[in-house]
Every structure is written in structure tokens, then in C-alpha cells.
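The next block holds one structure in the form of C-alpha cells; read it before the comments.
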Amino acid sequence: MAKEMLLCAFDMNCVSHQSQGLWRHPRDHSEQFNTMKYWQDLARTLERGLFDGIFLADVTGVYDVFGGSPDTALRAATQVPTNDPFSIVPVMASVTENLCFGVTGSIPYEPPYSFARRISTLDHLTSGRMGWNIVTGYLDSAAKGIGQPKKEAHDTRYDIAHEYMQVVYGLWEQSWEDGAVLRDRKSGVFTDPAKVHPVNHDGKYFKLNAIHLCEPSPQRTPVLFQAGSSPKGQAFAGEHAECVFIGGHNAGRHAKSVASLRAQASAHGRDPDDLKIFGAITVIVARTDAEAKEKLADYKKYGSQEGALALLSGWTGIDFSSLDMDATVEQVESDAIQSALMAHGGATVREWAEDLTVGGAGPIITGSPQTIADKLQRWFEESGLDGFNLAYTVMPESIEDFVDLVIPELQQRGAFKRSYHPGSFREKLFDRQPRLQEPHPGAGYRL
Ligand SMILES: Cc1cc2nc3c(=O)[nH]c(=O)nc-3n(C[C@H](O)[C@H](O)[C@H](O)COP(=O)(O)O)c2cc1C
0 MAKEMLLCAF DMNCVSHQSQ GLWRHPRDHS EQFNTMKYWQ DLARTLERGL
50 FDGIFLADVT GVYDVFGGSP DTALRAATQV PTNDPFSIVP VMASVTENLC
100 FGVTGSIPYE PPYSFARRIS TLDHLTSGRM GWNIVTGYLD SAAKGIGQPK
150 KEAHDTRYDI AHEYMQVVYG LWEQSWEDGA VLRDRKSGVF TDPAKVHPVN
200 HDGKYFKLNA IHLCEPSPQR TPVLFQAGSS PKGQAFAGEH AECVFIGGHN
250 AGRHAKSVAS LRAQASAHGR DPDDLKIFGA ITVIVARTDA EAKEKLADYK
300 KYGSQEGALA LLSGWTGIDF SSLDMDATVE QVESDAIQSA LMAHGGATVR
350 EWAEDLTVGG AGPIITGSPQ TIADKLQRWF EESGLDGFNL AYTVMPESIE
400 DFVDLVIPEL QQRGAFKRSY HPGSFREKLF DRQPRLQEPH PGAGYRL
């Protein structure tokens, strides 16, 4: 059977996530991100289009690398103001049954004890539709928010993340045995204390001696996403991730990343296909190729180049205000997101910034539904990806266009599902049990 194409919407709890300036477009409603209705309407549209999930990015900290100040980011709404990504999960879950959630949670900014409880709560409330995108942070401004002068060095952040995983696996998988909760009205015993165990961890970065506060949720450990592709990032993904989100602007580059990520999974004794790999993509679709081109040109009129430069500066840790707009982005040493630079080697600063006014963390494809379906199918085959994270331009138009025009075309070609698979997020993705299975390291924690 042909491999199924997976699809997540790529979003963030802010305006114009990766389309800097487009909040000014007359048809854009992303400035309503503070309301429940905005997220409920979006969730319903995504479920109508049988999207597997919504991937919610998040950034702790403000983009203040550009010009050494947050002013540009604040003026242009470069991912600030930004609200908590986890709080909108129940809002969207309450109006959907199958849409799943991959939510970014940054390791340095919350102790594992309270974070594990938040995730278990959401996994209960969503009946097992929860995923966590494990990130390590890349902004010094965020470190200052928790009393540190600057973020830890790139590779140290991954070492910390490894230890964090040990603690949360302990809390989710080990602390409560299956069958610990009796809910026995007759005897008056809700939970059998003999089946609940403290997690005792005395490590380099974390210390904890406590029981998890929640009873086991449908998946226990949420579906684990990861989105860094430096050598350290890929090794981390090979060990822990079940889904990986990668950047990159051509199918050949994606194919290389896919091969090396799958090799990392094998090196950790896992089946390479146990990684579902998503590439970022932006789609601008209209009834005809010509109309789609006009749409893109119209969107670009509202883009904010300064906002895009502020974003790039934060991602790379390099102040783009001092760079020549026509210089090529070569592989510059970065202590922030190394893969952001790798993905864009070859482009000029001006081209990269322009892409980021129209959703372009990945390739931007325009055309009629037929043209888009052709391009998506070709990309899917050549890259070896499992699916796409669809970035938006103008919201909700961008998602509605995709659901109304592209999904039916893909379905007609047999390239996209016609109904949801049953069960939790993990069951839908892997067609197997809701909980982590050996040889994933998390499964080894279960008693
Ligand atoms: C496609 C992509 C999406 C990412 N999304 C986020 C995000 O939403 N929040 C965040 O803090 N870091 C995000 N990151 C950063 C990484 O997850 C990672 O923690 C880190 O910055 C190092 O990445 P590296 O291994 O590529 O150097 C993203 C990275 C990539 C490549």
C-alpha cells in the first residue's frame, strides 16, 4: 500500500506566525488570536480537512537580537505578543474529535515535575490526542526572564534535554502502575498506594523525589516531536522523537535529512520508519495558476521586511541589521538554531527575509489545486518525507483554501485519506497501541 501523506497545520499563538506583516492584510484575522472563537473555528476547519494535527510552535523570550533591541519585533508583531500554546488545546479539543496536537514546550523554562502534570492533564482531556514538541530554547531574552544572564551553550542544552527526558519518562511511565486506580466505592479506596511509586532522580541538572500527580493518561507519554537538525539535534531525535519537523527548501536536501534521521533511529536500535518526518511548506492556491500568482503578489504588498529580519536574527543569533541585504547566507557559526542557517545556505538575506513575509520557513508553492497536488506528490516521493507542516499566509483564508481546494484534489488521486483513523494520536500515526513500545527508551521505564 502506498505511504499515507500526513498533514499538520503549522501555527503559533500569536499573529502572522511566519508571515511577517500579513496581519495588515484586509482579509487576515490572525489578530483575533486572543479569543476562543478564533481557535475553535480554526480547529473545525482543520478537522473538516482531515488534518492529522495542529503543530503549535512557541517561543519563550522576545526577538531582541536585531539592532540589539525588541523594538522592531514589537512594532512588527514578530511573534510577540504571544500567548501560552498549551492553553488553547482544550479550546480546540472541545469542538473536535480527531484533530491532534503537537505543542511546543521549552525545556529550560519549566521544571519537569509541573510540566509532566500539565501534559498528562491535557492527554486526559483530549482522550489521548496530545503531542509535545521538545525544544531547548534559543533566545537569551528568555534566559533573562528566569534570572540567567544568557542561554546555555547549544550542545549543553541538548545534554540538559536528555536528562529532562529521563525525569519525565519516570513520571509518566513509572510512577503509577496500571491498575493503581481502583475507584472502588464499596471499599472507599480510590487509589492503591502500593502501586504508586516516587520517582527518585539525582542528576547533574535535575533533582526530584516525588510521585507524579496524575493517574496514567491514555498515552502516558505524549507523542514526542522534535525540531532541531544539527548533529546533536538529530542524535536526540534518533533516540527520543517519534515525529520530527525539518526545514529545508528543496526535496534533495529534505531527502538527505530524512536519510540521516532514519539512520540515527537505527543507531538507537529503533525501526527507522518509527520516525514520522514532516517538512515545512507554504501553499498559495487559487482556481487557476494565474490567480494563485496574483494572490502571492497581493500578499507580498503587506509583508514586513524588518519584521522578517528580526525573526531571522533571533533564530540565528546574528544581528541581521548589520548584514548586506544582497550577501549570501553561508554556513555561519550559530549558537541558536544551527539548522536554520544550513537550510538557507545559498539564498541572499533579502530573499530569505522576503520568504518570511509569506510563510516561508520551507518552500513556497503556488498554483491551481492540480498544480499544487502535482508538486506536493512529487515532493513527497522525492524527499521520503512522511508529511508536511503547512505554514499559513493569511488566516484563515490560507487554511480554508487548502481544505476546500487541495484536499479534495489529493483525495481524488488517492493521495490523502478520506476519514480519520481511530484512537489516540499515537494509534492514528503508527496504527498500534496508544503507549510507547520497546525499544523506545521511554517504554523501558514502565514497571
Ligand atoms: C523547523 C524547526 C522548527 C522549530 N520550532 C521551534 C519552536 O517552535 N520553538 C523553539 O523554541 N524552537 C524551535 N526550533 C528550534 C529547535 O527545536 C532546537 O531546540 C534548537 O534551537 C536547536 O536546533 P538545532 O539542533 O537545529 O541547532 C525549531 C527548529 C526547526 C528546525
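Here the sequence shown is numbered in numbering that gives the first Met the number 0, starting from 0 and rising by one per residue.
Positions of the beta carbon are idealized from the N, C-alpha and C atoms, including for glycine.
As the structure is a prediction and not an experimental result, all values here were calculated from the model.
>> Taking a contact to mean a Cβ-Cβ separation below 8 Å, would you say T59 touches Y108 in this structure?
In response: As a working mapping, residue 59 is identified with position 60 in the sequence shown. As a working mapping, residue 108 is identified with position 109 in the sequence shown. Yes.
> Since H200 sits in a beta bridge, which residues does DSSP pair it with?
Replying inline: Taking the sequence shown and counting its residues from 1, the one referred to as residue 200 is at position 201. DSSP output for H200 lists L207 as bridge partner(s).
> How is the alpha helix (DSSP H) around D225 delimited, first residue to last?
Replying inline: Within the sequence shown, the letter at position 226 stands for residue 225. Looking at the sequence itself, residue 225 is Gln, so the reference to Asp does not match. Note, Q225: premise wrong, no alpha helix (DSSP H); beta strand (DSSP E) at V222 to Q225.
>> Assuming contact is defined by CB atoms lying nearer than 8 Å, are I133 and L223 in contact in what I supplied?
In response: Here the question's residue 133 lines up with position 134 in the sequence shown. Here the question's residue 223 lines up with position 224 in the sequence shown. Yes, Cβ-Cβ distance for I133 and L223 is below 8 Å.
>> Is Y204 close to ligand 1? I mean its beta-carbon at under 7 Å from any heavy atom of the ligand.
In response: Walking along the sequence shown from the start, residue 204 turns up at place 205. Between ligand 1 and Y204, a heavy atom-to-CB distance of less than 7 Å is absent.
> Does the Cβ of V393 have 16 or more other Cβ atoms within 10 Å, making it buried, or fewer, making it exposed?
Replying inline: Residue 393 sits at position 394 when you count from the first residue of the sequence shown. Buried, by the Cβ-count rule.
> In chain order, what residues of the same chain have a beta carbon less than 7 Å from the beta carbon of G268, not counting five sequence neighbours either side?
Replying inline: Position 269 of the sequence shown holds residue 268. Correct list, in chain order: P438.
>> Once the 5 residues before and after H28 are set aside, which same chain residues still bring their CB inside 8 Å of it?
In response: The residue given as residue 28 occupies position 29 in the sequence shown. Taken in chain order, the residues that qualify are Y37, M394 and P395.
>> As a quick exercise: from F32, L170, I364 and L355, pick the residue whose alpha carbon is nearest that of K294.
In response: Working through the sequence shown from its first residue, we reach residue 294 at position 295. Out of F32, L170, I364 and L355, I364 has the C-alpha closest to the C-alpha of K294.
>> Going by the DSSP bridge assignment, what does I53 pair with across the sheet?
In response: For the purposes of this step, residue 53 is taken as residue 54 along the sequence shown, with counting starting at 1. Answer is A8 and F100.
> Which residues does DSSP pair with A1 in a beta bridge?
Replying inline: Position 2 of the sequence shown, counted from the first residue, corresponds to residue 1. None, per the DSSP bridge assignment.
> Whole alpha helix (DSSP H) runs in the region 364-413 with 4 or more residues, listed along the chain?
Replying inline: Inside the region 364-413, DSSP marks whole alpha helix (DSSP H) runs of 4 or more residues at positions 368-382, 396-400 and 406-411, from first to last along the chain.
> Where does D183 sit, in a helix, a strand or coil, going by DSSP?
Replying inline: Looking up residue 183 in the sequence shown gives position 184. DSSP, reduced to helix, strand and coil, places D183 within a strand of the structure shown.
> Hey, would you say the C-beta of S229 is under 7 Å away from at least one heavy atom of ligand 1?
Replying inline: Here residue 229 refers to the residue found at position 230 of the sequence shown. Taken from the Cβ of S229, at least one heavy atom of ligand 1 lies inside 7 Å.
>> Can you give me the C-alpha to C-alpha distance between G313 and G136, rounded to a whole angstrom?
In response: Sequence index remark: in the sequence shown, residue 313 carries index 314 (1-based). Sequence index remark: in the sequence shown, residue 136 carries index 137 (1-based). Separation of G313 and G136 (C-alpha to C-alpha, rounded to the nearest whole angstrom) is 11 Å.
> With distances taken between CB atoms, is the gap from Q173 to H196 smaller than 8 Å?
Replying inline: Here residue 173 refers to the residue found at position 174 when the sequence shown is read from its first residue. Here residue 196 refers to the residue found at position 197 when the sequence shown is read from its first residue. In this structure, H196 lies closer than 8 Å to Q173 by Cβ.
> Hey, would you say P368 sits closer than 8 Å to V405, going by beta carbons?
Replying inline: Here residue 368 is taken as the residue at index 369 of the sequence shown, counted from 1. Here residue 405 is taken as the residue at index 406 of the sequence shown, counted from 1. A contact, by the Cβ cut-off of 8 Å.
>> Can you give me the C-alpha to C-alpha distance between N49 and G358, rounded to a whole angstrom?
In response: Within the sequence shown, numbered from 1, the residue matching residue 49 stands at position 50. Within the sequence shown, numbered from 1, the residue matching residue 358 stands at position 359. Note that residue 49 corresponds to Leu in the displayed sequence, not to Asn. Answer to the nearest angstrom: the Cα atoms are 22 Å apart.
> Looking at the unbroken alpha helix (DSSP H) that takes in W38, where does it start and where does it end?
Replying inline: For the purposes of this step, residue 38 is taken as the residue at position 39 of the sequence shown. Looking at the DSSP string, the run of the alpha helix (DSSP H) that includes W38 is M35 to R47.
>> Give me the residue from M164, V198, G127 and Q165 with the minimum Cα distance to W175.
In response: Along the sequence shown, one-based indexing puts residue 175 at 176. Among M164, V198, G127 and Q165, the Cα nearest to that of W175 belongs to V198.
> What are the partner residues of I245, as DSSP defines its beta bridges?
Replying inline: Here residue 245 refers to the residue found at position 246 of the sequence shown. Answer by DSSP bridge pairing, in chain order: G278.
>> Less than 8 Å between the C-beta atoms of W75 and M11, yes or no?
In response: The count along the sequence shown starts at 1 and reaches residue 75 at position 76. The count along the sequence shown starts at 1 and reaches residue 11 at position 12. Checking the displayed sequence, the identity of residue 75 turns out to be Ala instead of Trp. No, they are not a contact pair.
>> Please tell me whether L45 and I371 are closer than 8 Å, where the distance is taken between their beta carbons.
In response: Here residue 45 corresponds to residue number 46 of the sequence shown, with the count starting at 1. Here residue 371 corresponds to residue number 372 of the sequence shown, with the count starting at 1. Contact: no.
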